[in-house]
Each structure stands twice: as structure tokens, then as C-alpha cells.
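Okay, so here's the structure we're looking at.
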Amino acid sequence: MNESFQDLTKEELKALDATRKIRDNEVLKYVVAAFDRLSTALLVVGFLGPIAGMITNPSLFQHYDWLERISVFAMMIQASMVSYGLHLYGRTKLRNGWQ
Numbered sequence: 757m758n759e760s761f762q763d764l765t766k767e768e769l770k771a772l773d774a775t776r777k778i779r780d781n782e783v784l785k786y787v788v789a790a791f792d793r794l795s796t797a798l799l800v801v802g803f804l805g806p807i808a809g810m811i812t813n814p815s816l817f818q819h820y821d822w823l824e825r826i827s828v829f830a831m832m833i834q835a836s837m838v839s840y841g842l843h844l845y846g847r848t849k850l851r852n853g854w855q
């Protein structure tokens, strides 16, 4: 292609714009997928991890006092809320595109 954009024809400019739009859409899908993977990982580690720990080793959870139990429960709720927030952010970003 030509080095100068002034020398490009209308068809070539349309082709460049179409290529740019395709690239932007692919980058957007990649970024949104990364947010979704992060939200899934946070849900697994922050919410399902303590549940699996309680199931596989219940004696560990029995040694916690009431404040530690409330803290674990609060962290599980917080992890699920942040995970859901990341998922919603990704969906919104995908719907609205780059702005």
C-alpha cells in the first residue's frame, strides 16, 4: 500500500477502516474474555475455595472463633460480589464497545 494517506483512493480508505474495525472488535472480545476469566477465577478461589476447604477438612473450621467464621463468610460474599461486578463490567463493555 501507499505510505501517504493522501494518495489513497476512497475504496482503499474504506478497506483500511474495515480492517481497523475488525481489529478493534477482536481486541475488545479479547479484553472482555480476560475480565470474564478473572471473574471466574475469583469466584472459584474466593467463594468455592473456602467451601471446599470446609468440606475436606471440617476440623480446621471448627477451631475458628466466631469472629474468624464471620470474616471467612464476609470474604466469600465479597469475592462473589466482585466476581459478579467484573462479569457485568465485561458484558457492558462488550455491549457498548470502546468509548
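Numbering (the numbering used here), first residue to last: 757 to 855.
Don't be surprised by glycine CBs; every beta carbon is placed ideally from N, CA and C.
Source: prediction; values computed, not measured.
Would you report the Cα separation of residue i and residue j, rounded to the nearest angstrom?
i      : j      : result
Val800 : Gly846 : 18 Å
Leu823 : Thr848 : 37 Å
Lys766 : Arg793 : 41 Å
If we call anything under 8 Å between Cβ atoms a contact, is residue i one with residue j?
i      : j      : result
Ser827 : Leu798 : no
Leu764 : Ser795 : no
Met832 : Pro806 : yes
Ser853 : Leu784 : What sits at residue 853 in the sequence shown is Gly, not Ser. Result yes, Cβ atoms of Gly853 and Leu784 sit closer than 8 Å.
Consult DSSP for residue i and reduce its assignment to one of helix, strand or coil.
i      : result
Tyr786 : helix
Gly802 : helix
Tyr820 : coil
Val838 : helix
Leu769 : helix
Residues in the same chain with beta-carbon distance under 8 Å from residue i, minus the five sequence neighbours each way, listed in chain order, please.
i      : result
Ser836 : Leu799, Gly802, Phe803
On the premise that residue j lies in contact with residue i, defined as a C-beta separation below 8 Å, what is that separation, rounded to the nearest angstrom?
i      : j      : result
Gly850 : Val788 : The sequence as given places Leu at residue 850; Gly does not occur at that position. Indeed, because the Cβ distance is near 5 Å, the residues count as touching under 8 Å.
If you drop the 5 nearest sequence neighbours on each side, which residues of the same chain put their C-beta closer than 7 Å to that of residue i?
i      : result
Phe791 : Leu842, Tyr845, Gly846
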